[in-house]
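In my numbering, the protein residues as written are 685 to 1153. Report on the following structure.
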């Protein structure tokens, strides 16, 4: 097929498309064979040709041009070269962004992560005895020390922690829960469904907005296996309300010889109220209230890797360790080394400074404004980019601190006559996606969740976007 040959007769367009072999022999395509397998290149060529066939069928293609075909192949190959799981710039102001990887890990742990990832290690090896050990010893001692608990166990996420605890303590038995705490945490993950899967029998008490002590005591019977409380971390019920606090629930359980459990969700281990943020029940507070088992996440307000952490009475923890489900839900060496490092920061370091999630949450307004001014000055040097420092509100994210807005600063962006929707799209579709939000018809980047190295990425992206307008 001659370069640039066109034909506007739609009936002949299919005939003008090259075969796969003809396409592969084009000089512009041959170069791809130097860096890619033959099969991957063939698959890409077939996909491009199929897209063109579909375009012709739908009346969207009115000519066939070799250069355009090659351009489409180049774009597709570039898309395929990009890793699916890759870095993004988070300009949303949502700190624990569920879709963007939740908490950032502490940078101080980078060397430890490399050492464990690329070397053999003591995952399940006891160097003192020279024999097989347990993977759980790496964090159990730290959790016992930090929280004052008898035992601890880590599984792959908090949903798994709840599932394992329910299956171990209450399979075939009734679990008493307030109707106001039958939560859904997102992704259709609902407490009643998890209970069903665990083999426990849900027994609801009280009403959505009011549950009293007598609701629990009146429901306890011979088949009661557990009193369960869930922290409503992603919503609030206000107004005419009443609930039984965790300490009172623990006392009810002890007086009736029934275990008590609380799913704390986010699992914060510092008092956020000291930073001027709404108080969130800490793991220590719940443990000290006397509850037998507490479950919480590792990658939310704790600021570590994805994990489900279970702490509490040794007898119950030991029973969970023996449950066959534990092996199916166990964590790997990378999770354990990152969790160990995070917990060591709580023990030996300054978590508010060293753990990015907490540092971002507590960042003072003066620092936020200084960072916004710095980014604004940097971007104002780009021709045709109109930007300004604006006041915005950040959020903790991760299903925690509902209704709590964190005052912040951001930079608004405009480029000539380009719509805010188009600018947001172009930023989002970069090789390093820049995720922003649109407020009052302007693209906004909240500096609370921007890293210092993100500034240059944003600058380069806007320069490229302007040059293409």
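Glycine included, every Cβ here is placed at the ideal spot set by N, Cα and C.
Per DSSP, residue 931 is one residue of the alpha helix (DSSP H) stretching across 930-939. When C-beta atoms of the segment 728-736 are compared with those of the segment 695-706, three or more pairs fall below 8 Å, so the two segments count as touching. Sequence-distant partners of residue 1067 (beyond 5 residues in either direction) whose C-beta falls short of 8 Å from its own C-beta, in its chain, are 1150.
The secondary-structure analysis by DSSP pairs residue 809 across a beta bridge with 816. Burial check for residue 790: the Cβ neighbour count within 10 Å reaches 16 or more, so the residue is buried. Contact check for residue 1134 and residue 775: beta-carbon distance about 6 Å, within the 8 Å limit, so the pair qualifies. In the structure shown, the three-state DSSP call for residue 1075 is strand. Taking all protein chains in view, the Cβ of residue 1081 is crowded by 16 or more other Cβ atoms within 10 Å, so the residue is classified as buried. Restricting attention to alpha helix (DSSP H) runs no shorter than 4 residues, the segment 949-1013 encloses them at 967-972, 998-1006, 1008-1012, ordered along the chain. For residue 861, the uninterrupted beta strand (DSSP E) run begins and ends at 858-862, by DSSP. By DSSP's assignment, residue 1038 forms no beta bridge with any residue.
Minimum Cα-Cα distance from residue 1095 among the listed residues 1079, 1054, 965 corresponds to 1054. Given a length threshold of 4 residues, each whole run of the alpha helix (DSSP H) inside the segment 816-844 is given here in chain order: 821-831. For residue 1105, the enclosing alpha helix (DSSP H) stretches over residues 1104-1112. Where residue 927 is concerned, there is no enclosing alpha helix (DSSP H), because DSSP gives it neither an H nor an E. In the structure shown, residue 896 falls within a coil segment according to DSSP collapsed to helix, strand and coil. With contacts defined by Cβ atoms closer than 8 Å, residue 1099 and residue 1108 do not form a contacting pair. In terms of Cβ geometry, residue 885 and residue 858 form a close pair [threshold 8 Å].
In chain order, 1139 place their CB closer than 8 Å to the CB of residue 1058, counting only its own chain and leaving out the 5 sequence neighbours on each side.
Around residue 1063, the same chain offers 1069, 1071, 1095, 1097, 1142, 1143, 1146 as residues with beta carbons nearer than 8 Å, after the five sequence neighbours per side are excluded. In the pairwise beta carbon analysis, the segment 1003-1016 is classified as touching the segment 832-851: at least three pairs are separated by under 8 Å.
A straight-line Cα-Cα distance of about 49 Å links residue 1023 and residue 712. Within the same chain, Cβ atoms closer than 8 Å to the Cβ of residue 1029 are found at 790, 792, 1035, 1038, 1039, the five residues on either side in sequence being excluded.
Separation of the CB atoms of residue 997 and residue 834 is rounded to 6 Å, and the pair is thereby assigned contact status at 8 Å. Assignment of residue 1016 by DSSP, reduced to helix, strand and coil, places it in the coil class.
Counted as a single uninterrupted DSSP element, the stretch harbouring residue 908 is not any alpha helix (DSSP H) but the beta strand (DSSP E) occupying residues 908-914.
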